[in-house]
Amino acid sequence: MMKAYDDLLTRYADIRKLGLAGSILMWDQNTYMPPGAVEMRGEQQALIAGIAHERLTSNRMGELIRECSSMKDISPEQA
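Remember, the numbering used here sits 14 above the position in the sequence shown when you count from 1.
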(Lines of atoms letter the chains of each structure in order from A and count residues from 1; the text may use other names and numbers.)
(Lines give C-alpha, C1' and ligand atoms only; values in the text may rest on other atoms or scores of the structure.)
Protein backbone atom coordinates (compact mmCIF):
# COMPACT_ATOMS: atom_id res chain seq x y z
CA MET A 1 0.00 0.00 0.00
CA MET A 2 2.86 2.42 0.58
CA LYS A 3 3.50 2.22 -3.15
CA ALA A 4 0.15 3.94 -3.69
CA TYR A 5 1.11 6.65 -1.21
CA ASP A 6 4.49 7.18 -2.88
CA ASP A 7 2.83 7.31 -6.30
CA LEU A 8 0.32 9.86 -5.00
CA LEU A 9 3.12 12.05 -3.63
CA THR A 10 4.98 11.88 -6.93
CA ARG A 11 1.88 12.85 -8.88
CA TYR A 12 1.14 15.77 -6.55
CA ALA A 13 4.77 16.92 -6.85
CA ASP A 14 4.48 16.92 -10.64
CA ILE A 15 1.24 18.91 -10.49
CA ARG A 16 2.91 21.41 -8.17
CA LYS A 17 5.81 21.78 -10.62
CA LEU A 18 3.35 22.57 -13.39
CA GLY A 19 1.81 25.24 -11.16
CA LEU A 20 5.22 26.72 -10.47
CA ALA A 21 5.99 26.82 -14.20
CA GLY A 22 2.72 28.68 -14.70
CA SER A 23 3.72 31.13 -11.97
CA ILE A 24 7.00 31.85 -13.72
CA LEU A 25 5.15 32.52 -16.96
CA MET A 26 2.81 34.88 -15.10
CA TRP A 27 5.73 36.69 -13.47
CA ASP A 28 7.41 37.09 -16.86
CA GLN A 29 4.16 38.35 -18.34
CA ASN A 30 3.91 41.00 -15.65
CA THR A 31 7.54 42.10 -15.81
CA TYR A 32 9.41 41.52 -19.07
CA MET A 33 7.17 40.01 -21.71
CA PRO A 34 6.82 42.05 -24.90
CA PRO A 35 3.25 43.20 -25.61
CA GLY A 36 3.13 41.18 -28.85
CA ALA A 37 3.52 37.90 -26.98
CA VAL A 38 0.24 38.10 -25.06
CA GLU A 39 -1.68 35.63 -27.23
CA MET A 40 1.05 32.99 -27.17
CA ARG A 41 1.51 33.43 -23.42
CA GLY A 42 -2.18 32.86 -22.87
CA GLU A 43 -1.96 29.64 -24.87
CA GLN A 44 1.06 28.52 -22.84
CA GLN A 45 -0.66 29.21 -19.54
CA ALA A 46 -3.85 27.48 -20.68
CA LEU A 47 -1.88 24.41 -21.76
CA ILE A 48 -0.06 24.14 -18.43
CA ALA A 49 -3.27 24.65 -16.46
CA GLY A 50 -5.05 22.08 -18.61
CA ILE A 51 -2.35 19.46 -18.12
CA ALA A 52 -2.35 20.06 -14.35
CA HIS A 53 -6.15 19.78 -14.25
CA GLU A 54 -6.15 16.55 -16.27
CA ARG A 55 -3.60 15.01 -13.95
CA LEU A 56 -5.34 16.16 -10.79
CA THR A 57 -8.74 14.89 -11.90
CA SER A 58 -7.55 11.67 -13.56
CA ASN A 59 -9.14 8.35 -12.71
CA ARG A 60 -5.78 7.10 -11.46
CA MET A 61 -5.50 10.00 -9.02
CA GLY A 62 -8.93 9.14 -7.63
CA GLU A 63 -7.95 5.50 -7.27
CA LEU A 64 -4.79 6.44 -5.39
CA ILE A 65 -6.66 8.77 -3.06
CA ARG A 66 -9.24 6.07 -2.28
CA GLU A 67 -6.52 3.49 -1.73
CA CYS A 68 -4.55 5.79 0.57
CA SER A 69 -7.64 6.85 2.53
CA SER A 70 -8.20 3.22 3.54
CA MET A 71 -4.62 2.73 4.74
CA LYS A 72 -4.40 1.72 8.40
CA ASP A 73 -0.63 2.14 8.82
CA ILE A 74 -0.46 5.80 7.80
CA SER A 75 1.03 8.39 10.14
CA PRO A 76 -0.73 11.66 11.04
CA GLU A 77 1.84 13.52 8.92
CA GLN A 78 0.99 11.38 5.90
CA ALA A 79 -2.75 11.81 6.35
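Glycine residues also receive a C-beta, built at the ideal position from the N, C-alpha and C atoms. Just so you know, these numbers come straight off a predicted model, no measurement behind them.
Residue span of the alpha helix (DSSP H) that contains residue i, given as start and end
i	result
residue 26	16-45
residue 68	52-70
residue 79	73-83
Beta-carbon proximity list for residue i, same chain, < 7 Å, skipping 5 on both sides
i	result
residue 37	none
residue 63	36
residue 58	39
Supposed close pair residue i, residue j - CB separation, criterion 8 Å
i	j	result
residue 33	residue 60	Not quite, the Cβ-Cβ distance comes to about 14 Å (not below 8 Å), so this is no contact.
Own chain partners of residue i with C-beta closer than 8 Å, once the 5 adjacent residues on each side are dropped
i	result
residue 47	55
residue 69	25, 28, 29, 32 and 75
residue 90	none
Residue i and residue j closer than 8 Å at C-beta
i	j	result
residue 22	residue 88	no
Own chain partners of residue i with C-beta closer than 6 Å, once the 5 adjacent residues on each side are dropped
i	result
residue 19	82
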